[in-house]
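Chemist:
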Amino acid sequence: MRAHALHLSVFLVARPAWARHVLAAVCAGLAWGLSWLLSPLPGALPILLSLAAVLVAALTGGPGPAWLATFMGALSIASRTASQSAATTILELSLFLAVGGLVAVLAGRRGAVGVPSAPPSSRPTSPHEGLEAHLLRSLGDAVLATDAHGVVRYLNPAAATLLQCPEQEVMGAPLAQVLRSRPESGSFPLRQTAKPSAWSPWPRALRRRDGGELPIEECTTPLRGLGGEELGAVWMFRDATSRRQFELERSQLLARERAALAEAQAQRELMESLFFQAPVAIAVFRGPEHVCELLNPQARVLLEVDGAALGKPLRDVQPDMDPGLLRLLDEVYREGVPFSAREVPLPTLPLSGTSMHSKPQRYHDVSWQPWRDARGVIQGVMAVAVDVTGLVVSRRAAEDLAGELREVVQARDEFLSIASHELRTPITSVQLQLQFLLRMAPAAGTEGTTSLVHRRVEATLRSVAQLHQLVATLLDVSRIRAGRLDLHRERMDLSSLTQELVSRAQEDAAGARCPVRLVVAEPLYGNWDRVRLEQVVTNLLSNAFKYGAQRPVEIHVTREGDFACLSVKDQGIGIAPEDQARIFHRFERAVSQRHYSGFGLGLWIVRQIVEALDGDIRVESQPNAGSTFIVRLPLESASTIDATA
């Protein structure tokens, strides 16, 4: 009954004010017409008909239409009682006005549908509206009511605001013109089913008068009278912008969450694949008992266990494990300090064809790391073991081979040293004999030319000199390799030694067509080995003559701070920058062996001698621009000079 009363009140109050006043005027006119047609009846009939019209106007329109019907009924009664006496007419009019006014006042207090009037503090602003109408106008949700033909009969201010149109314009308009939506959103039905609907789960796009679209949520319910007859429908809708934004953000958040979960799952699968396919043994132990949490296949092979070992302490899985290793594992768990060891010998499964008691020895690089959670609390230990058996075997084989090679090289060096030393005596004897024959042989022949014997002895003497130099070089190489390069230091002057050696080399310079220019600034004394220093200068001069391209050679002896500097500069073929470092290595040459003879040992021996004398040597050269070899040797200190003086 309460719901039917609410529907009826919405339907009646929803009529415009002019319609209710017109209905009151029509009722009063009908009462006047009936009283005129039934004029032969008793005189009280017009008054009763007018009172009935006032009552109908009060019930259907409220106090305003009731007062209008009372005024029109009074005019009708006055026009019908003109033949009566004035006192009678005044009495009838007074009685009618009193009863009609009482009906109008009661209609204003009880409302159009008989609902008791609200207290003065909450009474509706319009005198014809009841409590239900006041509640409907105060709702934040939009309310719109239609009749059975889909014509709008009522809407509250919230609905007018959402539709962007005044109430007077919407009243009496078809629902299809008021509520418009996008085609894909579906149209608003003109008739509603008997069962009230809930709020729509998805917003509908409502077209507004400004051309924009407003997402709304809607709820509809049928409007029926007290007798169950269909009066229309009630539509409730509200702005769903915030809800749609919330749903959009929620869907985006869910999409990101699903993407994050998919990424996490992919990362987990990747980590699991890496963990189980890693070529190293990885094991994770939890707690102080070192319970086996994870074991990859390599770790299971190393520990000789299967999947049943998971969840068991390591001491139970490996009862024969070295107690020292277990103590180290305990320390890593307690102190959180990583431990690592290299080439740890660990037994493994026996090979096929061997007995269970003959397990091959294998070696592993072991690393134990504390396993911490997100808060940094140690949960266990992660162990990683890398099989390095192949590296250990290869290294040991290489060490054995290197030892054998060192023995072979040492034997070779000893042989070269002994052979060179033994060859020097007969070669020296041959040189002496050839020199004696050279002096005894006639210098000139019968025709004034050099005798054949003299020429043959000179050629043989030059070959023996080359052989003697080769033997001396091999002897120096063997001594340097053996670390037995003996130095006999003495106080000597580099300037005078250079002058002496240059004067000796004039014959060789003339043969190579390389004029020699010597520049000596001052005497430069130092504690050097004269023989070895002669070897250095002679070797540099020989190289300058060999590669000087028959151009002048310059020799400078100068002081550079606490060092004596000897530079030998030629204008020959030069040395490429990429070859300047390697020419001081053993058996290295920067030129073709087809055009220049030699073993590539001279500069290597020079560098070894200079470094043994606490000096250094370098070269400055460009291709086809000559070369300059610079030797620096430490001079005699001031304290040594004072002590000598």
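Here the sequence shown is numbered in UniProt numbering, starting from 1 and rising by one per residue. The beta carbon of each residue, even a glycine, is placed where N, CA and C say it ideally should be.
Near GLY574, what residues of its chain come up, given a Cβ to Cβ distance below 8 Å and the 5 sequence neighbours on each side ignored?
Modeler: In the sequence shown, the residue the question calls residue 574 occupies position 574. Cβ neighbours of GLY574 beyond the five flanking positions: SER621, GLN622, PRO623, ASN624, ALA625, GLY626 and SER627.
Chemist: What residue range does the beta strand (DSSP E) around GLY324 cover?
Modeler: If you number the sequence shown from 1, residue 324 lands on position 324. Careful: GLY324 lies outside any beta strand (DSSP E), inside the alpha helix (DSSP H) at 323-335.
Chemist: Three-state secondary structure (DSSP) at ILE47?
Modeler: Counting from 1 along the sequence shown, the entry for residue 47 is found at position 47. In the structure shown, ILE47 sits in a helix (DSSP, three-state: H, G or I).
Chemist: Any idea if ASP570 is buried or exposed, counting beta-carbon neighbours within 10 angstroms, 16 or more meaning buried?
Modeler: As a first step, residue 570 is located in the sequence shown; it is residue number 570 there, counting from the start. It is buried - the Cβ of ASP570 has at least 16 other Cβ atoms within 10 Å.
Chemist: Where in the stretch 509-542 do unbroken runs of the alpha helix (DSSP H), each at least 4 residues long, occur, reported from the N-terminal end onward?
Modeler: Correct list: empty.
Chemist: Leaving aside the five residues before and after GLN593 along the sequence, list all residues of the same chain whose C-beta is less than 7 Å from its C-beta, in chain order.
Modeler: Within the sequence shown, the letter at position 593 stands for residue 593. Caution applies to GLN593, whose pLDDT of 49 falls short of 50 and renders its modelled position unreliable; the model cannot decide the point.
Chemist: So what does DSSP say about GLN608, is it helix, strand or coil?
Modeler: Residue numbering aside, residue 608 sits at position 608 when the sequence shown is read from its first letter. GLN608 falls in the helix class under three-state DSSP.
Chemist: Taking contact to mean 3 or more Cβ pairs, one atom from each stretch, closer than 8 Å, check whether the stretch 240-252 and the stretch 267-285 are in contact.
Modeler: No, because fewer than three Cβ pairs between the stretch 240-252 and the stretch 267-285 fall closer than 8 Å, the two stretches do not touch.
Chemist: So for GLY211, helix, strand or coil by DSSP?
Modeler: Here the question's residue 211 lines up with position 211 in the sequence shown. Here GLY211 sits in coil by DSSP.
Chemist: Relative to the C-alpha of PRO319, which candidate in VAL332, ARG334, LEU303 and GLY307 has its C-alpha closest?
Modeler: In the sequence shown, counting from the first residue as 1, residue 319 sits at position 319. PRO319 has its Cα closest to that of LEU303, out of VAL332, ARG334, LEU303 and GLY307.
Chemist: Go through its chain and collect everything with a Cβ distance to ALA441's Cβ below 7 Å, but skip five positions before and after it.
Modeler: Residue mapping note: residue 441 aligns to position 441 of the sequence shown, counting from 1. Same-chain partners within the cutoff: SER451, VAL453, HIS454 and VAL457.
Chemist: For ALA521, which residues from the same chain have a beta carbon less than 6 Å from its beta carbon, with the 5 sequence-adjacent residues on both sides left out?
Modeler: Numbered from 1 along the sequence shown, position 521 holds the residue referred to as residue 521. Excluding positions up to five away in sequence, the list reads THR558.
Chemist: Classify LEU541: buried if its beta carbon has 16 or more other beta carbons within 10 angstroms, exposed otherwise.
Modeler: Counted from its first residue, the sequence shown places residue 541 at position 541. That one is buried.
Chemist: Please confirm whether LEU364 and VAL337 have their CB atoms less than 8 Å apart.
Modeler: Residue numbering aside, residue 364 sits at position 364 when the sequence shown is read from its first letter. Residue numbering aside, residue 337 sits at position 337 when the sequence shown is read from its first letter. It should be pointed out that residue 364 corresponds to His in this sequence rather than to Leu. Their beta carbons are not under 8 Å apart, which means HIS364 does not touch VAL337 by this criterion.
Chemist: In this structure, does DSSP put ARG586 in helix, strand or coil?
Modeler: Sequence index remark: in the sequence shown, residue 586 carries index 586 (1-based). DSSP places ARG586 in coil when its eight states are reduced to three.
Chemist: What residue from TRP368, ASP316, SER567 and ALA264 has the CA that sits closest to SER340's CA?
Modeler: The count along the sequence shown starts at 1 and reaches residue 340 at position 340. SER340 has its Cα closest to that of TRP368, out of TRP368, ASP316, SER567 and ALA264.
Chemist: Do PHE563 and ARG632 have their C-beta atoms within less than 8 Å of each other?
Modeler: Mapped onto the sequence shown, residue 563 falls at position 563. Mapped onto the sequence shown, residue 632 falls at position 632. Cβ distance < 8 Å, so PHE563 and ARG632 count as in contact.
Chemist: Residues in the same chain with beta-carbon distance under 7 Å from TRP604, minus the five sequence neighbours each way, listed in chain order, please.
Modeler: Here the question's residue 604 lines up with position 604 in the sequence shown. Contacts found: PHE584, HIS585 and ARG586.
Chemist: Are the CB atoms of ASP141 and ALA158 nearer to each other than 8 Å?
Modeler: Translated into positions along the sequence shown, residue 141 becomes position 141. Translated into positions along the sequence shown, residue 158 becomes position 158. A contact, by the Cβ cut-off of 8 Å.
Chemist: Taking THR498 as the reference, give the member of SER567, LEU467 and ARG462 with the closest Cα.
Modeler: Residue numbering aside, residue 498 sits at position 498 when the sequence shown is read from its first letter. It is SER567.
Chemist: Check ALA173 in the structure and name its three-state DSSP category.
Modeler: The count along the sequence shown starts at 1 and reaches residue 173 at position 173. Coil.
Chemist: If you follow the alpha helix (DSSP H) that LEU302 is part of, which residue opens it and which one closes it?
Modeler: As a first step, residue 302 must be located in the sequence shown, where it is residue number 302. 297-303 is the extent of the alpha helix (DSSP H) around LEU302.
Chemist: Considering just the uninterrupted stretch of the beta strand (DSSP E) at SER496, what are its terminal residues?
Modeler: Here residue 496 refers to the residue found at position 496 of the sequence shown. Segment 494-504 is the alpha helix (DSSP H) holding SER496; no beta strand (DSSP E) there.
Chemist: Report the option in LEU438, LEU206 and ILE609 whose CA atom is closest to the CA atom of residue 663.
Modeler: Missing from the structure shown is residue 663; the chain here goes from 1 to 645 and no further.
Chemist: For MET382, I'd like the list of residues in its chain whose CB is within less than 6 Å of its CB, leaving aside the five on either flank, ordered along the chain.
Modeler: Position 382 of the sequence shown holds residue 382. Excluding positions up to five away in sequence, the list reads VAL284, GLN369 and TRP371.
Chemist: Enumerate in chain order the residues of its own chain whose CB-to-CB distance from GLU560 is below 8 Å, with the five nearest sequence positions on each side excluded.
Modeler: On the sequence shown, residue 560 is found 560 positions in, with the first residue counted as 1. Counting only Cβ-Cβ distances below 8 Å, and skipping sequence neighbours, we find ARG632.
Chemist: Near residue 646, which residues of its chain fall below 8 Å by C-beta distance, leaving aside the five closest residues on each side in sequence?
Modeler: Residue 646 is absent from the structure shown; the chain starts at 1 and stops at 645.
Chemist: CB GLY150 to CB PRO166, shorter than 8 Å?
Modeler: Looking up residue 150 in the sequence shown gives position 150. Looking up residue 166 in the sequence shown gives position 166. Their beta carbons are not under 8 Å apart, which means GLY150 does not touch PRO166 by this criterion.
Chemist: So, do the stretch 319-332 and the stretch 398-408 have three or more beta carbon pairs nearer to each other than 8 Å?
Modeler: No, because fewer than three Cβ pairs between the stretch 319-332 and the stretch 398-408 fall closer than 8 Å, the two stretches do not touch.
Chemist: If we ignore side chains and look at the alpha-carbon of each, how far apart do GLY232 and GLU217 end up?
Modeler: The residue you call residue 232 lines up with position 232 of the sequence shown. The residue you call residue 217 lines up with position 217 of the sequence shown. Each residue's Cα considered, the two are about 20 Å apart.
Chemist: CA-CA distance, ARG395 and LEU270?
Modeler: In the sequence shown, residue 395 corresponds to position 395, counting from 1. In the sequence shown, residue 270 corresponds to position 270, counting from 1. Distance between the alpha carbons of ARG395 and LEU270: 35 Å.
Chemist: Going by CA-CA distance only, name the one from ALA397, VAL99, VAL502 and ASP147 that's closest to ALA53.
Modeler: If you number the sequence shown from 1, residue 53 lands on position 53. Here the closest residue by C-alpha is VAL99.
Chemist: Which residues bound the beta strand (DSSP E) around SER451?
Modeler: Position 451 of the sequence shown, counting from 1, holds the residue named residue 451. Segment: none, SER451 is in no beta strand (DSSP E) and carries neither H nor E.
Chemist: Rank GLY403, LEU326 and VAL388 by C-alpha distance to the C-alpha of ARG342 and give the top, closest one.
Modeler: Taking the first residue of the sequence shown as position 1, residue 342 is located at position 342. Here the closest residue by C-alpha is VAL388.
Chemist: Would you say the stretch 21-29 touches the stretch 52-66, given that touching needs at least three Cβ pairs under 8 Å?
Modeler: Yes, the stretch 21-29 touches the stretch 52-66.
Chemist: Report the option in HIS290, GLU272 and GLY287 whose CA atom is closest to the CA atom of residue 654.
Modeler: The question about residue 654 has no answer, for the chain in this structure spans 1 to 645.
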